[in-house]
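Visitor: Chains as they are written, first to last, in this note's numbering: chain E, 202 to 417; chain V, 202 to 417.
Even for Gly, the Cβ is constructed at its ideal location relative to N, Cα and C.
This is the structure I want to talk about, given as structure tokens.
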DNA sequence: TTATAAAGTTAGAGTATCCTAACATTAAAA
DNA sequence: TTTTAATGTTAGGATACTCTAACTTTATAA
């Protein structure tokens, strides 16, 4: 059984090593807000537990076991977020902090019940995929809004990170998942976009915002 | 902000000091399964935080502050149990272990939402009162079933402790809160009772069981 | 009332998690 | 290619929570 602390390291490593399957001590350190030497020794500890592949001065990788255990924490986090939104009436900008705590609860039936009551959802309220009980996660091929072109019409499918401020900003512009957005123009010099959707006819979105919105 | 560990000490002390308002280091030690010297030093720490009144070789008391903080943990525990039973479909024998973990979540909105969705319940699934937001708890004057006499008809209102085995035993006999029980006879030599309720006409309940059932 | 048992306390040590300071290696730049 | 900057590692120490062993105080009983 992993400690709460270990679970947080595994989760962070899982999230960081998304693409290439590896991450550095430095990245993990910044992600967790924990100093490098501390991260370093925790990596050795997790390597002893066969959760992480550790070699001096080499990037970190999760073992299959480590990846699965990380995925289960993420599964619990995302099921919780979905439950909070769908069954308890919270907004998508309120659930991250709560789920951050609930994800560490050791009670399989609790999360299986959520899963059942929710009808086995595939994504969380931010559009992120929910790993299944075996730790498998469907990665759908979303595009960044910022990679789309003027004239296209796309549907918001996910946000890449779920910080309070970003979600509140989206709320304030009536932007939520499933919203159909038409790209009216793209500014060359700063990458910002003018888009229309719902009742809004000419909303400006900065490059930063467009990079954090995933569409299909 | 109290740590999870501190919260467990406060809760245990609250529960133990029910009647006379005090408890001993030894009792707390046995309740928590933690050795006396450890309890002793934690009591000094909590005394520094003005949560406990500590004097060498004297019984322990909670301060008003300590009592309130303990009550909030118990409130979270009992609201959680109620939510798990009423809104998620768990049995009353399944919720204690889960609530034991959920009670330590720091997110007032989470528990306020439960409270709201439940319609501000006054008791948990085991009949124990839920402290209000100020830590106030209505102690209703229940009687032990074992203190009742042959011929009386009473209604089960609470169980004094919610161990898995005890609750499963009650389930197996169709005994739940709200059940109207008639006492047909009381055995003098061992304190056991013959009772009737629902479709059962002559069920024997040991003294032990009768002492753990509260009625009105 | 003194002897003994129970409860409470102190001292010292171990594990988990974190830190800073100093040193080593690798990667980047001159 | 040598220097420098960034990253990684080791060493040693701090805090929170736990323990055992030994000692003190209080309560019980002879």
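In this structure, does DSSP put residue 296 of chain V in helix, strand or coil?
Guide: Translated into positions along the second chain, residue 296 of chain V becomes position 95. Here residue 296 of chain V sits in helix by DSSP.
Visitor: CA-CA distance, residue 418 of chain V and residue 411 of chain V?
Guide: As shown, chain V starts at 202 and ends at 417. That puts residue 418 of chain V outside it, with no answer to give.
Visitor: From residue 302 of chain V to residue 310 of chain E, what distance separates their C-alpha atoms?
Guide: Taking the second chain and counting its residues from 1, the one referred to as residue 302 of chain V is at position 101. Taking the first chain and counting its residues from 1, the one referred to as residue 310 of chain E is at position 109. One C-alpha to the other measures close to 14 Å.
Visitor: From the DSSP secondary-structure annotation, give me the bridge partner or partners of residue 418 of chain E.
Guide: The question about residue 418 of chain E has no answer here: the residues shown for chain E are numbered 202 through 417.
Visitor: Can a CB atom of chain E be found closer than 8 Å to the CB of residue 311 of chain V?
Guide: On the second chain, position 110 is the one that residue 311 of chain V refers to. Contact of residue 311 of chain V with chain E is assigned, a C-beta pair being separated by under 8 Å.
Visitor: For residue 314 of chain E, which residues in chain V fall below 8 Å Cβ to Cβ?
Guide: Walking along the first chain from the start, residue 314 of chain E turns up at place 113. Result: 289, 290 and 291.
Visitor: Using the C-alpha atoms, what's the distance from residue 298 of chain E back to residue 244 of chain V?
Guide: On the second chain, position 43 is the one that residue 244 of chain V refers to. On the first chain, position 97 is the one that residue 298 of chain E refers to. In a straight line, the C-alpha of residue 244 of chain V is about 31 Å away from that of residue 298 of chain E.
Visitor: Identify every residue that forms a DSSP beta bridge with residue 386 of chain E.
Guide: By one-based count along the first chain, residue 386 of chain E stands at place 185. Per DSSP, E:395.
Visitor: Taking 8 Å as the threshold, find out whether the region 373 to 382 of chain E comes into contact with the region 349 to 357 of chain E through three or more Cβ pairs.
Guide: Yes, they touch.
Visitor: What residues of chain E sit near residue 318 of chain V, judged by a beta carbon separation below 7 Å?
Guide: To locate residue 318 of chain V, count along the second chain from 1; it is residue 117. The contacting residues are 289.
Visitor: What runs of the alpha helix (DSSP H), each 4 residues or longer, lie entirely inside the region 335 to 374 of chain E?
Guide: Counting whole runs of 4 or more residues, the region 335 to 374 of chain E contains the alpha helix (DSSP H) stretches 365 to 373.
Visitor: If we ignore side chains and look at the alpha-carbon of each, how far apart do residue 259 of chain E and residue 236 of chain E end up?
Guide: By one-based count along the first chain, residue 259 of chain E stands at place 58. By one-based count along the first chain, residue 236 of chain E stands at place 35. If you take the alpha carbons of residue 259 of chain E and residue 236 of chain E, they lie about 18 Å apart.
Visitor: Just to make sure I have the definition right: I need the residues of chain V whose C-beta is within less than 9 Å of the C-beta of residue 274 of chain E. Which are they?
Guide: The residue given as residue 274 of chain E occupies position 73 in the first chain. Taking the beta carbon of residue 274 of chain E as reference, no residue of chain V falls within 9 Å; the closest one sits roughly 14 Å away.
Visitor: On the premise that residue 272 of chain V lies in contact with residue 215 of chain V, defined as a C-beta separation below 8 Å, what is that separation, rounded to the nearest angstrom?
Guide: Translated into the one-based positions of the second chain, residue 215 of chain V becomes position 14. Translated into the one-based positions of the second chain, residue 272 of chain V becomes position 71. Correct: roughly 7 Å between the Cβ atoms.
Visitor: Do the region 322 to 337 of chain V and the region 275 to 284 of chain V touch if we need at least three Cβ pairs shorter than 8 Å?
Guide: yes
Visitor: Looking at C-beta atoms only, is the number of pairs between the region 335 to 347 of chain E and the region 365 to 372 of chain E that lie closer than 8 Å three or more?
Guide: no
Visitor: Could you pull the start and end residues of the alpha helix (DSSP H) that residue 274 of chain E belongs to?
Guide: The count along the first chain starts at 1 and reaches residue 274 of chain E at position 73. It spans 265 to 287 - the alpha helix (DSSP H) in which residue 274 of chain E sits, taken as one unbroken run.
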